[in-house]
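Asks:
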Amino acid sequence: MNEATLTETIKSEATHPLYERIVDAIKTIYDPEIPVNIYDLGLIYKIDINDKNEVAVEMTLTSPGCPVAQSLPLSVSDTIREVEGVTDVKLELVWDPPWSTDMMSEVAKLQLGMF
C-alpha cells in the first residue's frame, strides 16, 4: 500500500461504508488485562480508508510494557483484514499521545465503574 496514495484518497471515516463494520470487528478484541474492548478503551487512534478499501490504522497500547505488545496489533490487523471488502491493512503502533484513561469511551468507564 502506498502511503501517499492512501492519504490523498481518504474518505471521511464516519461516512465510508466499511467504517462501521471495521469498528464492529475491532470491538470484538479485548485487552487481556481489562475487560473492555480495545476500541472503547481508546486504543484505536485513527482509521483511514481509501477509495481502494485499503485501511490504515493507528493504535496504541495501555503501556509500552504491555504483555500483548507483540500479539495485539497483529490480532487487530488480522481482524480488520477479515472484514468483507477490505483489500489491505497497514497498522502502525504509536506512543504519542500516550494512552490514558481519559481516552476511554463513556461505555468503557461505566463498565469499569469509573463514574
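Numbering (the working numbering), first residue to last: 11 to 125. All C-beta atoms, glycine included, are put in the ideal place defined by N, C-alpha and C. Note that the structure is predicted; figures quoted are calculated from it, not measured.
1) Just curious, the beta strand (DSSP E) that Glu6 is in, first and last residue?
2) Use the C-beta contact count for Glu43: other C-beta atoms within 10 angstroms, 16 or more gives buried, fewer gives exposed.
3) By Cβ distance below 6 Å, which residues in the same chain neighbour Thr15 in space, the five residues on each side in sequence not counted?
4) Between Glu102, Trp109, Asn63, which has its C-alpha nearest Pro83's C-alpha?
5) Any idea what DSSP makes of Thr25, helix, strand or coil?
6) Does the Cβ of Trp105 have 16 or more other Cβ atoms within 10 Å, making it buried, or fewer, making it exposed?
7) Give me the Cβ distance between Tyr49 and Ile36, rounded to the nearest whole Å; I'm assuming they're in contact under 8 Å.
8) If you follow the alpha helix (DSSP H) that Asp50 is in, where does it begin and where does it stop?
9) Indicate the three-state DSSP secondary structure (helix, strand or coil) for Val67 in the structure shown.
10) Lys62 by DSSP, collapsed to three states: which one?
11) Kindly list the residues whose CB is nearer than 7 Å to the CB of Thr97, restricted to its own chain and excluding five residues on each side of it in sequence; keep chain order.
Replies: Result, derived from the coordinates:
1) Residue 6 is absent from the structure shown; the chain starts at 11 and stops at 125.
2) exposed
3) Residue confidence is low: Thr15 scores 40 on pLDDT, short of 50, so the model does not pin down where it sits. Its coordinate-derived value is still stated next. No residues qualify anywhere along the chain.
4) Glu102
5) coil
6) exposed
7) 5 Å
8) 48-51
9) strand
10) coil
11) Lys62, Asn63, Glu64
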